[in-house]
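>
In the numbering used here, the protein residues as written are 565 to 911.
1. Thinking just about the alpha-carbon of each residue, which of 715, 834, 630, 890 is nearest to the one in residue 782?
2. Determine the contact status of residue 895 and residue 889, defining contact as a CB-CB distance below 9 Å.
3. Taking 9 Å as the threshold (beta carbon to beta carbon), is residue 909 in contact with chain B?
4. In this structure, does DSSP put residue 846 in helix, strand or coil?
5. Given 8 Å as the limit, is there contact between the segment 732 to 740 and the segment 627 to 642, that is, 3 or more CB pairs closer than that?
6. Is the beta carbon of residue 807 less than 9 Å from the beta carbon of residue 770?
7. Hey, how far is the Cα of residue 718 from the Cα of residue 910?
8. Distance check for residue 569 and residue 663, CA to CA, integer angstroms please.
9. Looking at the secondary structure, which residues open and close the beta strand (DSSP E) in which residue 730 lies?
10. Between the alpha carbons of residue 602 and residue 668, how many angstroms are there, rounded?
11. Is residue 777 near residue 824, with beta carbons less than 9 Å apart?
12. Using a Cβ-Cβ cut-off of 8 Å (strictly less than) and excluding sequence neighbours within five positions of residue 701, which residues of its own chain qualify?
13. How would you label residue 641, buried or exposed, when you count the other beta carbons within 10 angstroms and need 16 or more for buried?
14. Alpha carbon to alpha carbon, how far is residue 725 from residue 652? Give it in angstroms, no decimals.
15. Residues bridged to residue 771 by DSSP?
16. Below 8 Å on the Cβ atoms is my contact criterion, and I expect residue 621 with residue 606 to pass it. Report the Cβ-Cβ distance as a whole number of Å.
17. Output the distance between the C-alpha atoms of residue 922 and residue 878, rounded to the nearest integer angstrom.
18. Evaluate residue 715 with the Cβ neighbour count: other Cβ atoms within 10 Å of its Cβ, from every protein chain shown; 16 or more gives buried, anything less gives exposed.
19. If you compare alpha carbons, which of 690, 906, 599 is closest to residue 760?
20. Residue 685 and residue 591 - do their beta-carbons sit closer together than 9 Å?
21. Would you say the segment 779 to 796 touches the segment 743 to 756, given that touching needs at least three Cβ pairs under 8 Å?
22. Helix, strand or coil, according to DSSP, for residue 612 in the structure here?
23. Write down every uninterrupted run of the alpha helix (DSSP H) in the segment 585 to 640 whose length is 4 residues or greater and which is fully enclosed by it, in chain order.
24. Can you name, in chain order, every residue of its own chain whose Cβ lies under 6 Å from the Cβ of residue 908, other than the five neighbours on each side?
25. So, do the segment 870 to 877 and the segment 831 to 846 have three or more beta carbon pairs nearer to each other than 8 Å?
26. State the start and end residues of the unbroken alpha helix (DSSP H) segment that holds residue 756.
27. I'd like to confirm the pairing. Which residues does DSSP put opposite residue 664 in its beta bridges?
28. Mind reading off the beta-carbon distance from residue 670 to residue 572? Whole number of angstroms is fine, and I expect it under 8 Å.
29. Could you tell me the alpha carbon to alpha carbon distance between residue 764 and residue 789, rounded to whole angstroms?
30. For residue 661, count neighbouring Cβ atoms within 10 angstroms of its own Cβ and tell me buried if that reaches 16, exposed if not.
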C-alpha cells in the first residue's frame, strides 16, 4: 500500500480527479488523502465516494499555528506553508507507516512503486528539478522540487518533517530572501542536514516543462516513454508534472508558459491528452449539475499577437541575463513556445 497526500480546492478539482484517476489506473494498492482547500471541494469529494480517497476538510486539518500565520500569507504561500503539515497530519491522524506528498497537477503513467523501490531502507525521498540548462532556476527556486516527497514514520523521517514544518511556519513566501524561497529552498541542504535521505534517480520521475527538452517523447504499448538526447537511454514516463498549464474561459488551454520550448511529440503524447482529460472531467461535472469553476479558468486566452510580444519580452530578458544564447536559432522559434489549443477540437 502506498499512502499519498495532496491538496487542492474546487478550482483545481478537475486536476485532482485526473490525478486520482491516473493512480487508479496504474497503482494496484494506494490510498490518496486530500486536504480540500474550500468547502465546495470537500462537499463534492465527500459525496462522490471515490475509491481509495479520503477527503479532509480545512477545519479538520488546520491547527492553531497554521491559523495564526494564515493572514500573513497569500493563497499560494499558504498552500506551500501547509505542505509539510499535511504530510505530518496524515501520518499522525491515520497512523501511517509512510506518506508520499504529490502535487495535484501531476499524472501517473506507471506504478510509482518503482520510484520508491530504489530508495531501499532510506527514510526520505526528494526529487531534483533537473533543469534544462536554459531554464536553470536552482539558485532561486531550489535544487529540489516539492512535487513527490516520501517520508517514513521513523525517527529520521519525522525529524526532517518536523523541522521542515517549523521552518515553513516561520517563513514561507513567494520571494527570495536570505537563501530561502517558499517551501522549496529549505530542501537544498537535506543530504547534509539529515540522515536517510535519498534523491530520486529514475529519469521517468520528475518530468516537467523545465526539463523535458532533454528527452524525445514517444509512445510504447500505449504509454509515453522518453529517450535521453544525451546518451539515448530510454525509460517509461512514471509521472509528469503539468506545472503552468492553464485553462481559459473561452474553451482554450495552454500547455505551459511561453518560456518553455516544447516540441510536437511532447505536446501530442503528454499535454494534449492531459488537457483533453481535464476538459472531459469538467464537462462531466457540469452535466452532473456541479456548476463551479473546476478548471480554475479566470479569463479568456491572450491573442496570438499578445503572446508573441510576451515571448519577445521573456526571451530578451533571458538573453540579457545570460540564461539563453542570442546565437541559437531555436530561441527565436515562436512556434515551439506557442502552446495554445482549442479544447473542443482536441483529438
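Beta carbons are placed, not taken as given, at the ideal position from N, Cα and C, and that holds for glycine. Since this is a predicted model, take the numbers as computed values, not measurements.
Reading from the atomic positions:
1. The residue labelled residue 782 in the question sits at position 218 within the chain shown. Taking only the C-alpha atoms, the option nearest residue 782 is 834.
2. The residue given as residue 895 occupies position 331 in the chain shown. The residue given as residue 889 occupies position 325 in the chain shown. With contacts defined by Cβ atoms closer than 9 Å, residue 895 and residue 889 form a contacting pair.
3. Any reference to chain B falls outside this structure, which holds one protein chain only.
4. Start at 1 with the first residue of the chain shown, and residue 846 comes out as number 282. If DSSP states are grouped into helix, strand and coil, residue 846 belongs with the helices.
5. Judged by Cβ distances under 8 Å, the segment 732 to 740 makes contact with the segment 627 to 642, as three or more pairs qualify.
6. Against the chain shown, residue 807 aligns to sequence position 243. Against the chain shown, residue 770 aligns to sequence position 206. The answer is no: Cβ separation not under 9 Å.
7. By 1-based counting over the chain shown, the position of residue 718 is 154. By 1-based counting over the chain shown, the position of residue 910 is 346. Those two C-alpha atoms are separated by around 47 Å.
8. Counting from 1 along the chain shown, the entry for residue 663 is found at position 99. Counting from 1 along the chain shown, the entry for residue 569 is found at position 5. Between the C-alpha atoms of residue 663 and residue 569 there is a straight-line separation of about 7 Å.
9. The residue you call residue 730 lines up with position 166 of the chain shown. That residue, residue 730, is in no beta strand (DSSP E); its alpha helix (DSSP H) goes 719 to 734.
10. Stepping through the chain shown from its first residue, residue 602 is reached at position 38. Stepping through the chain shown from its first residue, residue 668 is reached at position 104. Going by the C-alpha atoms only, they are around 15 Å apart.
11. Here residue 777 is taken as the residue at index 213 of the chain shown, counted from 1. Here residue 824 is taken as the residue at index 260 of the chain shown, counted from 1. Yes, these two residues count as a Cβ contact at 9 Å.
12. Against the chain shown, residue 701 aligns to sequence position 137. Excluding sequence neighbours, residue 701 sits near 693, 695, 774.
13. Here the question's residue 641 lines up with position 77 in the chain shown. Residue burial annotation: residue 641 is buried, with at least 16 other C-beta atoms found within 10 angstroms of its C-beta.
14. Translated into the one-based positions of the chain shown, residue 652 becomes position 88. Translated into the one-based positions of the chain shown, residue 725 becomes position 161. Rounded to whole angstroms, the gap between the alpha carbons of residue 652 and residue 725 is 7 Å.
15. Start at 1 with the first residue of the chain shown, and residue 771 comes out as number 207. In the DSSP output, where bridge partners are listed per residue, residue 771 has 804.
16. Working through the chain shown from its first residue, we reach residue 621 at position 57. Working through the chain shown from its first residue, we reach residue 606 at position 42. Distance from residue 621 to residue 606 at the Cβ level is roughly 5 Å; contact confirmed, criterion being Cβ atoms closer than 8 Å.
17. Any answer about residue 922 is impossible in this case: the structure gives the chain only from 565 up to 911.
18. On the chain shown, residue 715 is found 151 positions in, with the first residue counted as 1. Residue 715 should be labelled buried.
19. Indexing the chain shown from 1 puts residue 760 at position 196. Closest option to residue 760, Cα to Cα, is 690.
20. As a working note, residue 591 is residue 27 in the chain shown. As a working note, residue 685 is residue 121 in the chain shown. In this structure, residue 685 does not lie closer than 9 Å to residue 591 by Cβ.
21. The segment 779 to 796, when compared against the segment 743 to 756, does not touch it at the 8 Å Cβ threshold.
22. For this step, residue 612 is matched to residue 48 along the chain shown. Note: residue 612 maps to helix in three-state DSSP.
23. DSSP runs (the alpha helix (DSSP H)) wholly in the segment 585 to 640: 603 to 612, 622 to 625, 628 to 633.
24. By one-based count along the chain shown, residue 908 stands at place 344. Correct list, in chain order: 815.
25. Touching, no, given that fewer than three Cβ pairs across the two stretches are closer than 8 Å.
26. For the purposes of this step, residue 756 is taken as residue 192 along the chain shown, with counting starting at 1. Unbroken alpha helix (DSSP H) run through residue 756: 754 to 757.
27. For this step, residue 664 is matched to residue 100 along the chain shown. Under DSSP, residue 664 forms a beta bridge with 568, 714.
28. Position 106 of the chain shown, counted from the start, is the residue given in the question as residue 670. Position 8 of the chain shown, counted from the start, is the residue given in the question as residue 572. Contact doesn't hold; Cβ gap of about 11 Å is too wide.
29. Here the question's residue 764 lines up with position 200 in the chain shown. Here the question's residue 789 lines up with position 225 in the chain shown. Between the alpha carbons of residue 764 and residue 789 lies a gap of roughly 18 Å.
30. For the purposes of this step, residue 661 is identified with residue 97 of the chain shown, where counting begins at 1. Around the beta carbon of residue 661, fewer than 16 other beta carbons lie within 10 angstroms, which makes this residue exposed.
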